[in-house]
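Residue numbers (the numbering used here): -11 to 290.
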């Protein structure tokens, strides 16, 4: 089902600044900025950091994340995935935003992020520019175009390769000035966490997505496999963390292990629940990611 008009979101005339802020997804923005902090902390063990690079790296992630959120909400609305009678309360549609303006705002945020990233790339290595462009193609390929990859059971793969691993590797490259095997290893950690986040979201929305004609990974694998993959993604982060402790000879990087009981509780709840809307809120995974990124960054600086 396709929405009749991108501007037809109900109540958009009443939408104010607060609605735009809510639709931007502050929890996700925080996670993405902390992903940048994780990358910078890893880069510190390869090359001395430059203050202005670190600051600009963290700043560009704010419009980058907001742009992703706005454009994704626009695409979900146009494709009928988000409807007034069934949408998460923090979405742009539920907040009553004008969908045409939402798309323009999202593209404007992307443009702002691109400027900052171009400055960083020009000061580091121009080969970063095509690498950054590939990441944005991945963003648009997930929800946009005639055959979105996110509608073909590839969301988790995209989040692992692009949103998690690829973005983190680029951010480390921008700050370390080069790529190393250790930085590639470090970049896999966020890759596992973002893949788990996408899997949790798709498992929760399996019924809504099926009704809208969207195929996600939980539609093509069994419930048992979905639960095993979820546990594997979370375990993957801690495995990477353990290897980094050895590679960087930094015992303080073990700090994220403090969240293992939390991760275990998430896996237990996920594995004991039926795939669908009754799953534990993915907000708890957001909080886990925040804690993991913060603890890793603290450990990397100690």
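Positions of the beta carbon are idealized from the N, C-alpha and C atoms, including for glycine.
- Taking the Cα positions, residue 161 is about 30 Å away from residue 92.
- In the three-state reduction of the DSSP assignment, residue 140 falls in the strand class, which pools E and B.
- Membership of residue 264 in any alpha helix (DSSP H) is not indicated, and neither H nor E is assigned to it by DSSP.
- DSSP places residue 160 within a helical segment (H, G or I) once states are collapsed to three.
- Of all alpha-carbon atoms in 154, 183 and 289, the one lying nearest the alpha-carbon of residue 274 is that of 183.
- Ranked by how close their Cα comes to the Cα of residue 283, the residues 57, 242, 253 and 127 have 242 in first place.
- Residue environment for residue 213: exposed (fewer than 16 other C-beta atoms within 10 angstroms of its C-beta).
- Here residue 32 carries a coil assignment [DSSP, helix/strand/coil].
- Bridge pairing for residue 247: absent [DSSP].
- Residue 27 sits away from residue 117, with the two beta carbons spaced by 8 Å or more.
- With fewer than 16 other Cβ atoms inside 10 Å of its own Cβ, residue 208 counts as exposed.
- If you draw a straight line from the Cα of residue 136 to the Cα of residue 290, it comes to about 43 Å.
- Secondary structure of residue 71 (DSSP, three-state): strand.
- Residue environment analysis places residue 271 among the exposed positions, since fewer than 16 neighbouring C-beta atoms fall within 10 angstroms of its C-beta.
- With 16 or more other Cβ atoms inside 10 Å of its own Cβ, residue 55 counts as buried.
- In the DSSP assignment, residue 225 falls within the alpha helix (DSSP H) that extends over 211 to 236.
- Per DSSP, the unbroken alpha helix (DSSP H) holding residue 63 starts and ends at 39 to 66.
- Cβ neighbours of residue 186 within its own chain (closer than 6 Å, five residues either side excluded): 143, 144 and 147.
- Taking residue 219 as the centre and dropping the five residues before and after it, the same chain places the C-beta of 255 closer than 6 Å to its C-beta, in chain order.
- As a beta-bridge residue in DSSP terms, residue 203 pairs with 140.
- Shown here, residue 170 sits in a helix according to DSSP, grouped into three states.
- Using a Cβ-Cβ distance cut-off of 8 Å, the stretch 226 to 242 and the stretch 166 to 174 are in contact, since at least three pairs of beta carbons, one from each stretch, lie closer than that value.
- Around the beta-carbon of residue 210, fewer than 16 other beta-carbon atoms lie within 10 Å, marking it exposed.
- With 16 or more other Cβ atoms from the protein chains shown falling within 10 Å of its own Cβ, residue 61 counts as buried.
- DSSP, reduced to helix, strand and coil, places residue 289 within a helical segment of the structure shown.
- In this structure residue 237 is exposed. Its beta-carbon is surrounded by fewer than 16 other beta-carbon atoms within 10 angstroms.
- Around the C-beta of residue 195, fewer than 16 other C-beta atoms lie within 10 Å, and the residue is accordingly described as exposed.
- Secondary structure of residue 77 (DSSP, three-state): coil.
- Look at residue 132 here: in three-state DSSP terms it is coil, with no helix or strand label.
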